[in-house]
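Asks: Below are the C-alpha cells for one structure; questions will follow.
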Amino acid sequence: SHLAQTWAQALSGPPRGPVHTCRNPSLPGLPMSLLKNERRSEVGSASTEECENETAEASETEPLIPKESRSSSLCSPCTWLRELADSFGYRLLVLLFVVQHCQKGFMASFVGMAEPYLYKTYRVPAPQVQIYQSVTSLPW
C-alpha cells in the first residue's frame with residue numbers, strides 16, 4: 029500500500045539535521061518530507077499545511093511508538109483488528125484467512141484420505157509411512 033511505501037522510505041536512511049514531523053493526531057510522527065508530495069494524507073484528513081511549521085529534534089531516547097497506543101491495542105483484539113484492517117484493508121485480511129486456514133484445511137482433508145493408498149501402492153513399510161506422513165504434513 030502507499031502508506032507502507034511511505035514508511036519504508038522514511039526508514040530507509042538516517043535523518044540529516046532536524047526532522048520535521050507532523051503533530052496532528054491522525055498523522056503521528058510522519059516525516060513532513062514524505063507528505064509534501066501529497067495533497068491529503070491517506071491516514072487522516074489533515075493537509076500538509078497544518079503540519080509544516082512544526083519541527084522536532086530527533087532523539088535516540090524517544091520511543092518510536094507511544095506506550096499507551098501499544099498497550100491499548102494489545103488489550104483489545106477488536107481495536108487491533110480494526111487498526112490492522114485500516115492499514116491493510118479487509119479484502120486482504122479475508123483473503124489471507126481463506127488461503128491460510130480454510131483452503132489448506134480442505135486440501136489437507138482431501139489429500140489425507142488418499143495418502144495411505146498411495147503409500148500402499150508403492151509398498152512402503154508402515155514405519156516409513158509414518159515418517160513420510162509427518163514430513164509431508166509439515167507445511168500444513
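Numbering of the sequence shown is given in this note's numbering, commencing with residue 29 and proceeding in unit increments. For each residue, glycine too, the CB sits at the ideal point set by N, CA and C.
Quick check: what's the CA-CA separation for Arg119 versus Ser162?
Replies: 33 Å
Asks: For the putative contact between Leu121 and Leu112, defined by C-beta atoms under 8 Å, what is the C-beta separation to the nearest angstrom?
Replies: 7 Å
Asks: Since Glu143 is in the alpha helix (DSSP H), which residue starts that stretch and which ends it?
Replies: 132-149
Asks: Within its chain, find whatever has a CB closer than 6 Å to the CB of Arg67; leave out the 5 residues flanking it on each side and keep chain order.
Replies: Since pLDDT at Arg67 reaches only 43, below the 50 mark, its modelled position is unreliable, and the value read off the structure follows with that caveat. Cβ within range, chain order: n/a, list empty.
Asks: Using the Cα positions of Pro105 and Ser115, report the straight-line distance between them to the nearest angstrom.
Replies: When only Cα atoms are considered, Pro105 and Ser115 end up about 15 Å apart.
Asks: By the DSSP assignment, the alpha helix (DSSP H) with Ser115 in it spans what residues?
Replies: 105-116
Asks: Which two residues bound the contiguous alpha helix (DSSP H) that contains Ile159?
Replies: 154-164
Asks: When DSSP labels each residue in this structure, what does Pro124 get in the three-state scheme?
Replies: First, the residue type needs correcting, since residue 124 is Leu and not Pro in the sequence shown. Taken through DSSP and simplified to helix, strand or coil, Leu124 comes out as helix.
Asks: Does the distance from the CB of Tyr147 to the CB of Val139 come in under 9 Å?
Replies: no
Asks: Short check: CB of Val152 to CB of Tyr160, under 9 Å?
Replies: yes
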